[in-house]
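Below is one structure, written out as structure tokens, with a few remarks after it.
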Amino acid sequence: MGEVHQDTGVRKLNVRGTSRHVHGAKTDLPVIKPFVIGNAGGRYIEGMLEFTFQWRIGVALFLTLAGWMMIDAAHAQVQGDPEQTIFQTLIKWTPLMFWGPSGEFGGFILNIVVSFISMALGTFFGLWVGIGQVSPNRHLRRFCWAITQLFRNSPWLVLLFYFMLLLPFSLQFGDIRVDIPGWTKATFALSLPIMANVSEIVRGAIASIPTGQWESAESLAFSRTQTMWRVILPQCIKRMIPPWMNWYCILTMSTPLISILGVNDGMTLTQNALAAEGRSEFLIPMYLWLMLWFFVYSYPIAMWTRRLEHKFAIES
Amino acid sequence: MEFVWEWFYWLYDVHGIKLTIFYDEWDRNRFIRGMWTTFHLSALSIFLSIVIGVAGAWLQMSNLVWMRRIVQAYIQFFRNTPPLIQLYFFYFAVDAALSQLFGITGGVLGSYGWAVVSLSFFAGAFNVEIFRAGVESVPRSTTEAAEALGYTRLQIYRYVTLPLAFRVCLPSLNSNLINLLKTTTVAYAIAVPETLYVANQIWSDEYNVFEMMNVVWIVYIVFVGFLVWLMHRWEKSIKIPGYGN
Amino acid sequence: MNNLNWASDQPIVSLKNVHKSFGDLEVLKGVSLDVMQGEVICIIGPSGSGKSTLIRCINALNDIQSGSITVEGQEVHDPKLNKLELRKKVGMVFQQYNLFPHKTALENVMMAPVLVLKQNKDDVARLAQTLIRKVRLDGKEHNYPGELSGGQQQRVAIARSLAMNPQVMLFDEVTAALDPETVKEVLVTIKDLAAEGMTCILVTHEMGFAREIADQIYFTDGGVIVEHGPPETFFSRAKDPRTKEFLSQIL
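What follows is the structure, given as structure tokens:
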């Protein structure tokens with residue numbers, strides 16, 4: 029067996045499948061390398077299938093849309109107000125729902141910004157709390173465990189209420205009063221369950237690294253910090269990415285909760301638009317329109333997550 | 437019991453900690469009703485979401501391409517749109533459309549009914565995938581062995597596939613159901629009188645936001661903790677040594 | 215870092231009446247042995263006899279309940295001992311190689327001298343190249359462990375330990391996880407090391423190899439050293455019935 033892949037350097041792309049059956053070369057873990065691209069033929073065919081599939085869906089969507097617009101126009105005619113088709117109404121309110129009122133920060137974009145900042149904060153603190161969960165210090169370990177369990181098991185809406193109502197609305201620095209906008213408090217509140225779940229992801233990933241890695245680093249005289257940051261965590265990254273992305277989707281899907289607490293996000297503005305129109309036949313299209321935005325944003329991330337999960341599962 | 441209520445009244449009198457839900461009978465009763473609503477709202481949604489999950493997983497194994505696609509579309513729609521908007525969609529939009537269609541005044545279902553429907557569909561979408569993954573995890577060789585022993589297809593499904601699949605998917609089912617329990621708070625938005633909603637009413641009447649907020653948080657931690665504990669016990673009790681993990 | 219109380223004519227590794235338990239299970243029940251500088255000793259015995267625990271205690275991966283273990287005259291299980299200093303002196307190679315899968319072969323070898331000894335990176339790179347050549351892996355420097363066979367990985371692991379310039383090398387059943395055809399290449403590497411005068415303590419199942427390479431063979435069973443001696447006499451004239459039975463099963 030000995031000499032396998034004499035000439036394969038790091039640049040070898042098709043590692044999957046070819047070197048796996050070298051059973052002497054079994055590693056416990058997937059290796060972090062530039063992402064492996066599957067064999068060219070398979071990928072080509074896969075791409076073709078995807079293309080035809082999407083092409084057919086595109087035609088179906090187009091026909092549905094065209095049909096709907098015709099019915100829509102006819103319906104408006106019958107109602108006696110040809111200017112007020114559902115389509116036109118959607119177009120009219122779209123800028124408000126998407127960007128928020130002019131000069132203000134709000135709308136669907138606010139949902140996305142909140143999701144970004146919450147995720148960044150939650151990931152940063154979650155990483156430390158997660159490492160704390162495997163600390164040799166018993167008190168620190170218990171504390172980090174308790175924090176994790178507390179925020180993992182609380183309903184998001186309860187956390188939102190808690191921090192929206194109990195954090196101050198403004199801060200006083202001497203003579204200067206600084207207002208704290210509601211959305212920043214909401215962002216903070218949403219970052220807490222993310223922190224707890226990232227902490228669990230980190231703890232789980234660290235626990236999944238074989239003890240042999242700790243021992244060999246120890247016998248090479250690495251300190252605990254060196255072992256953690258140079259040996260253990262780099263190996264964790266790959267297995268943390270899919271669940272982390274999954275939590276990002278869940279977070280994004282939870283951002284409309286902030287509308288309950290009066291933040292001017294996409295949901296609030298959609299409700300406002302519906303109230304302004306006051307016609308029940310707009311309800312379904314308007315809600316679907318807003319849901320479509322979330323779907324278009326989240327679905328590709330979810331698919332990508334699934335693909336990565338699948339790929340990592342095959343590799344290890 | 438009486439002296440407990442009195443102690444809480446003393447707590448308010450002396451320290452200003454205003455836990456009316458303990459010494460005020462009216463508040464106590466409505467808060468208990470709120471918790472009870474959370475309880476049966478969760479229980480009903482859990483039950484229906486499992487039914488949807490099992491049915492969906494079964495339909496996904498169908499030979500009809502279109503059937504599989506419809507189930508897939510259902511899953512992706514409910515997974516990739518916000519549960520709060522789903523709830524509004526059902527409660528405001530679908531209800532209005534159905535009322536118009538059938539000429540009903542006053543709505544088809546109340547807020548509670550739509551909360552159950554919406555939450556069940558939401559959690560059901562995840563359950564379909566969980567159950568399907570469970571069924572797929574049963575090795576082909578195991579079912580083949582049963583086939584070789586002369587089991588019928590239904591017997592294989594009933595006595596081999598399902599018991600094994602169920603054990604594999606129980607951990608993910610647990611976390612989804614726990615998530616469902618947490619998501620029931622969303623029903624607040626359509627005025628279902630569950631714990632959070634009732635607490636909000638109480639703090640509006642009594643001006644004790646801080647106290648009630650902490651009470652609500654603790655109540656949910658206890659609820660979730662109880663469900664976690666229950667599911668873990670169940671998981672443990674049906675675990676087969678050497679199978680799974 | 216040389217201990218002034220230790221002279222090279224004294225044992226470099228010395229175990230005296232070592233007891234070690236995992237909970238209620240006593241694994242080592244009073245083990246004593248001395249290893250002189252440049253000596254190669256092999257520890258053999260049935261599985262579960264405490265061989266691996268024994269050598270893991272030598273570099274303090276496991277602690278001990280009583281007795282003493284000294285390396286270059288220094289007590290290993292002294293709580294005041296700087297474990298880093300111990301581990302610079304004692305290198306260890308594991309059954310499962312335990313290479314860092316996210317680093318190339320060369321990076322695996324370079325990591326400890328750069329991070330722990332804070333040596334200059336270019337010097338370390340040169341040293342690592344030499345060591346890779348020494349374990350006969352020229353051309354594999356930039357491969358990841360996942361791209362190497364078991365035997366190749368194990369040789370990288372040996373080079374990785376050698377990069378710390380240890381005085382003593384511990385080998386814990388280093389060929390047990392390998393395919394038969396790759397065992398030899400690893401054994402040749404160890405033989406080269408022994409020939410250069412490295413002090414080696416091996417736990418092994420390879421009796422032929424032990425006979426060929428060892429200065430002393432120790433047979434352990436039930437947590438004690440049953441008997442020991444140079445290979446010439448050990449294999450042909452074992453006295454203890456347990457040793458005889460073990461040898462008759464294995465040879």
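Protein chains in written order, with this note's numbering: chain S, 29 to 344; chain W, 437 to 681; chain A, 215 to 465.
We put the CB at the ideal spot given by N, CA and C, even for glycine.
Is there a Cβ of chain A sitting closer than 9 Å to that of Ala235 of chain S, yes or no? no
Which same chain residues, not among the five before or five after Gly69 of chain S, have their C-beta less than 7 Å away from its C-beta? With a pLDDT of only 41 at Gly69 of chain S, under the threshold of 50, the placement of this residue in the model should not be trusted; the figure read from the coordinates follows. Excluding sequence neighbours, Gly69 of chain S sits near nothing in its chain.
In the structure shown, what three-state DSSP assignment does Gln310 of chain A receive? coil
In whole angstroms, what separates the C-alpha of Pro685 of chain W from that of Glu671 of chain W? Given a span of 437 to 681 for chain W in the structure shown, any question on residue 685 of chain W remains unanswerable.
For Gln254 of chain S, name the three-state secondary structure that DSSP assigns. helix
Once you ignore the five residues that flank Leu447 of chain W on each side, which residues in its own chain have a CB closer than 6 Å to its CB? Ile453
According to DSSP, is Lys243 of chain A helix, strand or coil? Note: Lys243 of chain A maps to strand in three-state DSSP.
Look at the alpha carbon of Asn379 of chain A and the alpha carbon of Gln161 of chain S, and state the distance between them as a whole number of angstroms. Rounded to the nearest angstrom, the gap between the Cα atoms of Asn379 of chain A and Gln161 of chain S is 35 Å.
Any idea what DSSP makes of Asp406 of chain A, helix, strand or coil? helix
Length of the line joining the Cα atoms of Asn165 of chain S and Cys172 of chain S: 11 Å
On the three-state DSSP scale, how would you describe Tyr276 of chain S? Tyr276 of chain S: helix per DSSP, three-state reduction.
Assuming Gln279 of chain A is part of the beta strand (DSSP E), what are its boundary residues? Where Gln279 of chain A is concerned, there is no enclosing beta strand (DSSP E), given that its DSSP letter is neither H nor E.
For Ser251 of chain S and Leu609 of chain W, I'd like the C-alpha separation in whole angstroms. 40 Å
9 Å Cβ cutoff, Ala682 of chain W in contact with chain S: Residue 682 of chain W cannot be examined here, being either before or after the span of chain W that is shown, 437 to 681.
With DSSP as the reference, label Val574 of chain W as helix, strand or coil. coil
From this set, W:Val604, W:Val628 and W:Trp502, which residue's C-alpha is nearest Gly549 of chain W's C-alpha? W:Val628
If we count the other Cβ atoms within 10 Å of its Cβ and call it buried at 16 or more, is Tyr624 of chain W buried or exposed? buried
The segment 252 to 263 of chain A touching the segment 287 to 295 of chain A, judged by at least three CB pairs closer than 8 Å: Judged by Cβ distances under 8 Å, the segment 252 to 263 of chain A makes no contact with the segment 287 to 295 of chain A, as fewer than three pairs qualify.
Please report the Cβ distance between Ala319 of chain A and Leu376 of chain A, rounded to the nearest whole angstrom; I am assuming they are in contact, meaning their Cβ atoms lie under 8 Å. In fact, because the Cβ distance is near 13 Å, the residues do not count as touching under 8 Å.
For Ala635 of chain W and Phe19 of chain S, the rounded distance between their alpha carbons: This structure cannot settle anything about residue 19 of chain S, because the visible part of chain S is limited to 29 through 344.
Taking all protein chains shown into account, do 16 or more other C-beta atoms lie within 10 angstroms of the C-beta of Arg369 of chain A, making it buried, or fewer, making it exposed? buried
Closest by CA to Val553 of chain W, which one among W:Asp531, W:Glu442, W:Phe602 and W:Trp472? W:Asp531
Does any CB atom of chain A fall closer than 9 Å to the CB of Leu248 of chain S? yes
Excluding five sequence neighbours on each side, which residues of the same chain lie with their C-beta closer than 8 Å to the C-beta of Phe79 of chain S? For Phe79 of chain S, the predicted model reports a pLDDT of 48, less than 50, meaning its position is unreliable; a value from the coordinates is still stated below. Correct list: empty, nothing qualifies.
Under 7 Å by beta carbon: chain S residues contacting Met306 of chain A: For a Cβ distance threshold of 7 Å, residue set Ser247 of chain S lies close to Met306 of chain A, ordered along the chain.
If you drop the 5 nearest sequence neighbours on each side, which residues of the same chain put their C-beta closer than 7 Å to that of Gln224 of chain A? Result list for Gln224 of chain A: Gly287, in chain order.
Leaving out five residues before and five after Cys605 of chain W in sequence, what residues of the same chain have Cβ atoms less than 7 Å from its Cβ? Ile566, Phe567, Ala569 and Gly570.
Could you tell me which of W:Ile468, W:Pro677, W:Val544 and W:Gly586 sits nearest to Thr631 of chain W, measuring between CA atoms? Looking at W:Ile468, W:Pro677, W:Val544 and W:Gly586, the one whose alpha-carbon comes closest to that of Thr631 of chain W is W:Ile468.
Where does His316 of chain A fall in DSSP's three states? coil
Of all Cβ atoms in chain A, is any one closer than 9 Å to the Cβ of Gly134 of chain S? Not closer than 9 Å to any Cβ of chain A, the Cβ of Gly134 of chain S fails to qualify, so no.
Within the continuous alpha helix (DSSP H) that includes Asp463 of chain W, where are the two ends? Glu461 to Gln496
Any C-beta of chain S under 9 Å from that of Met215 of chain A: Note that Met215 of chain A has pLDDT 47, beneath the 50 cutoff, so the model's placement of it is unreliable and the number below is only indicative. No, because no Cβ of chain S sits closer than 9 Å to the Cβ of Met215 of chain A.
Grouping DSSP H, G and I as helix and E and B as strand, with all else coil, what is Val324 of chain S? The answer is helix: DSSP assigns Val324 of chain S an H, G or I state.
Give me, in chain order, the residues of the same chain whose beta-carbon lies closer than 8 Å to that of Pro58 of chain S; leave out the 5 immediate sequence neighbours on both sides. Here Pro58 of chain S scores only 37 on pLDDT, less than 50, and its place in the model is too uncertain to base an answer on.
Segments of 4+ residues assigned as alpha helix (DSSP H) that fall wholly inside the segment 490 to 542 of chain W: 501 to 515, 519 to 524 and 531 to 538
Can you name the start and end residues of the alpha helix (DSSP H) that Gln348 of chain A belongs to? For the sequence presented, residue 348 of chain A should be read as Lys rather than Gln. Counting along the chain, the alpha helix (DSSP H) containing Lys348 of chain A begins and ends at Lys335 to Lys348.
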